[in-house]
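Asks:
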Amino acid sequence: MDFYARVFEVIDMRSFSNLWYWIGLAVFWSSLSYYVLGVPWDMIQRARRGGEERMAADVQDLVRVNVNRLLMIGRVSGLLALWFAAFAMTLLAILAFWYGVEFAQAVFFIAAPGAAVGVLAVNRAHRIANEQAVGEVLYRHLLHHRRTVQAIGMASIFVTAMFGMYQNLAIGAWG
Numbered sequence: 032m033d034f035y036a037r038v039f040e041v042i043d044m045r046s047f048s049n050l051w052y053w054i055g056l057a058v059f060w061s062s063l064s065y066y067v068l069g070v071p072w073d074m075i076q077r078a079r080r081g082g083e084e085r086m087a088a089d090v091q092d093l094v095r096v097n098v099n100r101l102l103m104i105g106r107v108s109g110l111l112a113l114w115f116a117a118f119a120m121t122l123l124a125i126l127a128f129w130y131g132v133e134f135a136q137a138v139f140f141i142a143a144p145g146a147a148v149g150v151l152a153v154n155r156a157h158r159i160a161n162e163q164a165v166g167e168v169l170y171r172h173l174l175h176h177r178r179t180v181q182a183i184g185m186a187s188i189f190v191t192a193m194f195g196m197y198q199n200l201a202i203g204a205w206g
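Numbers in the numbering used here are just positions in the sequence shown, counted from 1, shifted up by 31.
Here is the structure:
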């Protein structure tokens, strides 16, 4: 038995039966949920509770910087980014569901809802910039965005878990 065959025998290369995939999926969604438009959620909560004017100013500054960054990226390279994302998602979908590549399926179940969250972030950035939201209005925007991301994350994890269980039952424990 050669070296590579032994390595692939020891390390499970299937995605949905691999514990590291599920840990990575959980970290991905918890990170997307924690950083609301690039601002840590605990900072938003402290600023929302009041008491610290400096914290509220810091949150508004961070939101302003990240909103301007998202809008600038959208203006400068939005069409190219959209083209590349559509190409990558189509490639992943074809590899995953036409050819049945399990790794592509696993990546697709992370990338597709992640791309949707990215589109929602740009949309929310436009709304915040157009309204010039500050104070409580800004906090409501951030809270609504966070809840939307969490809902997408829960649905994504559920669908991924159902598909992963189906794959594991269909393929079997021993491949």
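Ideal Cβ placement from N, Cα and C applies to all residues, glycine included. On a predicted model such as this, the values are computed, not experimentally measured, just so you know.
(1) Can you find the residues in the same chain that come closer than 7 Å, C-beta to C-beta, to I183, ignoring five residues on each side of it along the sequence?
(2) With burial defined as no fewer than 16 other Cβ atoms inside 10 Å of the residue's Cβ, what is the status of I75: buried or exposed?
(3) Using the beta-carbon count (16 or more within 10 Å), is F34 buried or exposed?
(4) In the segment 144–195, which residue ranges form an unbroken alpha helix (DSSP H) of at least 4 residues, counting only runs that do not cross its ends?
(5) Does the distance from the CB of F134 to the CB of S46 come in under 7 Å?
(6) Taking 7 Å as the cut-off, decide whether the C-beta atoms of I141 and F194 are in contact.
(7) Starting from Y65, follow the alpha helix (DSSP H) in both directions and report where the run begins and ends.
(8) Please state whether DSSP places V98 in a helix, a strand or coil.
(9) List the whole-angstrom C-beta distance separating N154 from S48, where the pair is believed to meet the contact cut-off of C-beta under 8 Å.
(10) Counting only the same chain and skipping the five closest in sequence on each side, list residues whose C-beta sits under 6 Å from that of I159.
(11) Tell me the rounded alpha-carbon separation between R77 and R100.
(12) Using the three-state DSSP reduction, which class does V70 fall into: helix, strand or coil?
Replies: In this structure, then:
(1) P144, A147, V148
(2) buried
(3) exposed
(4) none
(5) yes
(6) no
(7) 50–65
(8) helix
(9) Wrong, their Cβ atoms sit about 36 Å apart, outside the cutoff.
(10) V98, H172
(11) 24 Å
(12) strand
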